[in-house]
Amino acid sequence: MTKSNSAALLQPLRSDAGGDAGRCAQPAAADLSLEAFWLLLLSVVALAVALYVSLGWSWEKFSRAEVFFAECAREMLSDGNYVTPLYHGRAFFDKPILVYWLILGMFKTFGVSHLAARIPSILAAAVTISLTGVAAARLFDRRSGVLAAAAVASSFMFIGFSYLCMSDMTLVMLDVITMCLLYVGLLRESRRTLMWWLASVSMGLAFLTKGPIGIVLPALAFLLFLGLTGRLSLIKPHHVAFGALTILAVSIPWWVAAYKANGSGALIYFFVRENLIRYAGSTYDTHKPIWFMVVSLMTGFAPWSIFLPIVLFSGVRKWRSGDRSPAVQHELYLWLWIFLVTGFFSFSRGKCDYYVLPTYPAAAALTGLYLTQWIRRRERPAVGGLWLLAAGYLVTAGGAAIILQNMSHELTVGQWLLMPAVLAVSAVVIFALLRRGKLYPAYLAAFAGLCLSATCFATQVVPAVVRLIPIGQIAAALNRLPGGERLGVHDALGSWVDEITFQTGREPVRLYSIAEMEQFLSAPGAALVLCSEDKLGSLPGQLQSALRVVDRRVGITHTLTPGYAIKRKGHLTDPTPVVLVTNR
Numbered sequence: 231m232t233k234s235n236s237a238a239l240l241q242p243l244r245s246d247a248g249g250d251a252g253r254c255a256q257p258a259a260a261d262l263s264l265e266a267f268w269l270l271l272l273s274v275v276a277l278a279v280a281l282y283v284s285l286g287w288s289w290e291k292f293s294r295a296e297v298f299f300a301e302c303a304r305e306m307l308s309d310g311n312y313v314t315p316l317y318h319g320r321a322f323f324d325k326p327i328l329v330y331w332l333i334l335g336m337f338k339t340f341g342v343s344h345l346a347a348r349i350p351s352i353l354a355a356a357v358t359i360s361l362t363g364v365a366a367a368r369l370f371d372r373r374s375g376v377l378a379a380a381a382v383a384s385s386f387m388f389i390g391f392s393y394l395c396m397s398d399m400t401l402v403m404l405d406v407i408t409m410c411l412l413y414v415g416l417l418r419e420s421r422r423t424l425m426w427w428l429a430s431v432s433m434g435l436a437f438l439t440k441g442p443i444g445i446v447l448p449a450l451a452f453l454l455f456l457g458l459t460g461r462l463s464l465i466k467p468h469h470v471a472f473g474a475l476t477i478l479a480v481s482i483p484w485w486v487a488a489y490k491a492n493g494s495g496a497l498i499y500f501f502v503r504e505n506l507i508r509y510a511g512s513t514y515d516t517h518k519p520i521w522f523m524v525v526s527l528m529t530g531f532a533p534w535s536i537f538l539p540i541v542l543f544s545g546v547r548k549w550r551s552g553d554r555s556p557a558v559q560h561e562l563y564l565w566l567w568i569f570l571v572t573g574f575f576s577f578s579r580g581k582c583d584y585y586v587l588p589t590y591p592a593a594a595a596l597t598g599l600y601l602t603q604w605i606r607r608r609e610r611p612a613v614g615g616l617w618l619l620a621a622g623y624l625v626t627a628g629g630a631a632i633i634l635q636n637m638s639h640e641l642t643v644g645q646w647l648l649m650p651a652v653l654a655v656s657a658v659v660i661f662a663l664l665r666r667g668k669l670y671p672a673y674l675a676a677f678a679g680l681c682l683s684a685t686c687f688a689t690q691v692v693p694a695v696v697r698l699i700p701i702g703q704i705a706a707a708l709n710r711l712p713g714g715e716r717l718g719v720h721d722a723l724g725s726w727v728d729e730i731t732f733q734t735g736r737e738p739v740r741l742y743s744i745a746e747m748e749q750f751l752s753a754p755g756a757a758l759v760l761c762s763e764d765k766l767g768s769l770p771g772q773l774q775s776a777l778r779v780v781d782r783r784v785g786i787t788h789t790l791t792p793g794y795a796i797k798r799k800g801h802l803t804d805p806t807p808v809v810l811v812t813n814r
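So this is what it looks like as structure tokens:
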């Protein structure tokens with residue numbers, strides 16, 4: 231491949247690119263100007279980051295596996311230990327060290343808090359959105375790049391993980407960097423060695439983030455693409471040698487330090503239990519069907535996943551027709567990444583829905599490309615997609631208004647009405663732009679409406695919901711006590727144990743029965759127990775009379791999900807109070 235040809239492949243597609251993509255592309259003048267592209271891309275990133283920060287700031291309680299990362303980083307900071315992740319004082323090697331270091335750095339800079347723990351994920355999400363937009367613009371055109379950035383930024387699971395202090399968003403960012411650098415190196419012969427070396431740096435960091443999959447999946451996807459396009463010979467021995475040595479140089483120092491500090495057990499635990507057994511064994515739920523990951527992709531990438539089946543059909547049709555133009559090869563590269571990641575985890579016995587997150591940027595780039603084509607030709611998928619989005623916004627606005635109105639005792643009219651109103655207005659704007667034939671602005675309005683309505687929800691509704699979860703007030707009450715008391719938590723509230731430790735530094739004992747509560751409170755020394763009031767009423771009368779209530783709260787004790795909120799029609803609080811009692 232000559233330098234001129236490889237450079238040409240990086241330019242937006244023109245009308246002579248071949249295939250459907252070439253036939254529908256407009257002259258360069260029809261595309262966005264460079265200034266307009268950057269303005270729109272920065273606007274997409276700004277709206278998305280505002281939403282993610284709002285969620286990270288408002289939801290003052292950890293979800294999913296967040297607390298493992300946050301608590302490990304807090305204990306490492308407290309202990310002055312920067313090698314061994316510590317969880318409740320014990321070595322914890324579920325994940326490598328990089329994300330713990332990032333969170334720990336935020337704690338040192340901004341103090342220990344929920345939002346500080348989430349900043350690395352928010353920044354990784356912002357970088358991922360930006361790279362997705364730029365890469366799609368260079369592969370296809372600038373309009374496609376803006377839509378690709380908007381699609382990945384507003385897909386449901388991407389939003390859900392954008393502010394969680396977990397390793398997944400950092401892995402997504404590093405995977406995007408790796409796949410971009412590998413492809414640029416393929417297309418630009420003069421910079422191939424440099425680009426592939428930088429890709430090995432990114433893979434080394436991904437290895438320190440999530441483990442071997444940070445190397446294995448990008449490498450396999452790239453090799454598969456080279457094999458299918460007959461370019462495996464472009465990889466020379468020095469590329470492999472430099473890449474392997476770089477990955478080792480980036481990652482091995484910490485593994486050596488972890489081995490010296492903890493012995494071989496730490497490495498065996500991570501590589502065997504957290505990788506091999508998790509994939510092939512029974513570390514996690516092994517009862518999910520093989521198609522679970524495909525469903526996770528479609529539900530997690532919603533609402534934009536409605537276009538993926540049509541995009542796939544169109545791409546397969548072009549490939550079967552013999553079209554091997556650069557544009558089609560760009561699409562193949564993106565689809566291979568989606569297929570490989572989804573297929574790899576489909577055959578895993580332990581499946582989690584968020585394992586397909588790294589595919590979202592590729593899915594967004596393909597969605598942006600085809601949406602731009604359909605918009606230019608005023609085709610049914612573009613028009614129908616807007617009708618579905620607008621109708622979905624109206625239905626969601628109505629449902630949200632009904633549920634939130636039932637929380638009117640906790641929210642002012644302005645608070646509960648704002649989010650549904652923004653969604654409804656967004657739907658009206660989409661309909662108005664549709665009638666005027668302005669499809670591209672309509673999709674941008676759909677993205678803006680989703681982000682703005684979700685931001686309103688995060689800033690107006692979420693804080694009120696958090697106030698209904700007693701754990702924050704309980705932690706504050708514990709922090710006001712002199713300390714030194716033993717602390718027990720009944721198992722029914724066991725999900726609060728980690729949150730209590732993070733917010734107070736105390737190490738609660740989980741009490742699994744009334745008998746254990748009685749024994750814990752009757753033992754010598756000052757003791758505190760957190761339980762529901764009905765459990766307290768099951769204790770012997772003599773012991774009950776000797777107890778003093780430190781704090782009593784009525785609130786939400788169940789795990790909050792959209793389904794639970796709908797089932798309860800917005801009435802989220804449990805009738806039985808939660809009490810913190812002491813035997814002193």
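Position 220 of the sequence shown, counting from 1, maps to 450 under my numbering, and the rest follow consecutively.
Glycine is no exception: its CB is placed at the ideal position from the N, C-alpha and C atoms.
Residues near residue i by beta carbon distance below 8 Å, same chain, minus five either side
{"i": "His517", "result": "none"}
{"i": "Ala300", "result": "Phe292, Ile333, His344, Ala347, Cys395, Phe732"}
{"i": "Glu763", "result": "Arg782, Thr806, Pro807, Val808, Val809"}
{"i": "Leu270", "result": "Leu262, Val376, Leu674"}
{"i": "Ile744", "result": "Lys765, Ser768, Leu769"}
Helix, strand or coil at residue i according to DSSP, with G and I counted as helix
{"i": "Arg608", "result": "coil"}
{"i": "Tyr312", "result": "coil"}
{"i": "Ser555", "result": "coil"}
{"i": "Cys686", "result": "helix"}
{"i": "Thr812", "result": "strand"}
{"i": "Ser752", "result": "helix"}
{"i": "His801", "result": "coil"}
{"i": "Ser768", "result": "coil"}
{"i": "Ala757", "result": "strand"}
{"i": "Ser762", "result": "strand"}
{"i": "Arg373", "result": "helix"}
{"i": "Asp781", "result": "strand"}
{"i": "Thr806", "result": "coil"}
{"i": "Gly545", "result": "helix"}
{"i": "Leu741", "result": "strand"}
{"i": "Ala347", "result": "helix"}
{"i": "Gly718", "result": "strand"}
{"i": "Arg320", "result": "strand"}
{"i": "Trp521", "result": "coil"}
Supposed close pair residue i, residue j - CB separation, criterion 8 Å
{"i": "Pro611", "j": "Ala631", "result": "With a Cβ gap of about 30 Å, Pro611 and Ala631 do not count as contacting."}
{"i": "Tyr623", "j": "Gly580", "result": "In fact, because the Cβ distance is near 36 Å, the residues do not count as touching under 8 Å."}
{"i": "Ser828", "j": "Tyr600", "result": "Beyond the ends of the chain as shown, which are 231 and 814, falls residue 828; an answer cannot be given."}
{"i": "Arg710", "j": "Ala756", "result": "Between Ala756 and Arg710 the Cβ distance is about 15 Å, and since that is not below 8 Å, they are no contact."}
{"i": "Thr476", "j": "Gly441", "result": "Contact flag wrong, Cβ pair sits at about 17 Å."}
6 Å Cβ shell around residue i - same chain, five flanking residues per side excluded
{"i": "Leu717", "result": "Arg736, Pro738, Leu758"}
{"i": "Ala620", "result": "Ala657, Ile660, Phe661"}
{"i": "Ile349", "result": "Met336"}
{"i": "Lys765", "result": "His720"}
{"i": "Val811", "result": "Val759, Leu777, Val779"}
{"i": "Ala356", "result": "Val275, Val279"}
{"i": "Leu272", "result": "none"}
{"i": "Asp804", "result": "Thr787"}
{"i": "Ala260", "result": "none"}
{"i": "Leu564", "result": "Ala592, Ala595, Leu596"}
{"i": "Leu634", "result": "Trp646"}
Residue of the options minimising C-alpha distance to residue i
{"i": "Thr358", "options": "Ala496, Gln703, Ser392, Leu454", "result": "Ser392"}
{"i": "Thr589", "options": "Met409, Leu369, Gly495", "result": "Met409"}
{"i": "Trp567", "options": "Ala595, Leu616, Tyr330", "result": "Ala595"}
{"i": "Ile327", "options": "Thr439, Gly310, Ser420", "result": "Thr439"}
{"i": "Phe298", "options": "Leu285, Tyr312, Leu277, Phe322", "result": "Phe322"}
{"i": "Pro754", "options": "Leu769, Val784, Ser743, Glu715", "result": "Glu715"}
{"i": "Leu264", "options": "Ala694, Trp287, Val364", "result": "Val364"}
{"i": "Gly667", "options": "Trp565, Ala705, Leu404, Arg606", "result": "Arg606"}
{"i": "Ile699", "options": "Ser725, Ala474, Ser683, Pro712", "result": "Ser725"}
{"i": "Val406", "options": "Ile445, Arg418, Ile389", "result": "Ile445"}
{"i": "Arg740", "options": "Gly598, Cys761, Ser481", "result": "Cys761"}
{"i": "Asp324", "options": "Ser578, Glu296, Met528, Glu290", "result": "Glu296"}
{"i": "Phe687", "options": "Arg368, Leu497, Thr626", "result": "Thr626"}
Residues near residue i by beta carbon distance below 7 Å, same chain, minus five either side
{"i": "Leu428", "result": "Leu411"}
Item to check | Cβ pair count under 8 Å reaching 3, the region 370-380 against the region 306-321 | outcome: no
Checklist entry - Can we say the region 571-580 touches the region 383-391, given the rule of at least three CB pairs closer than 8 Å? => result no
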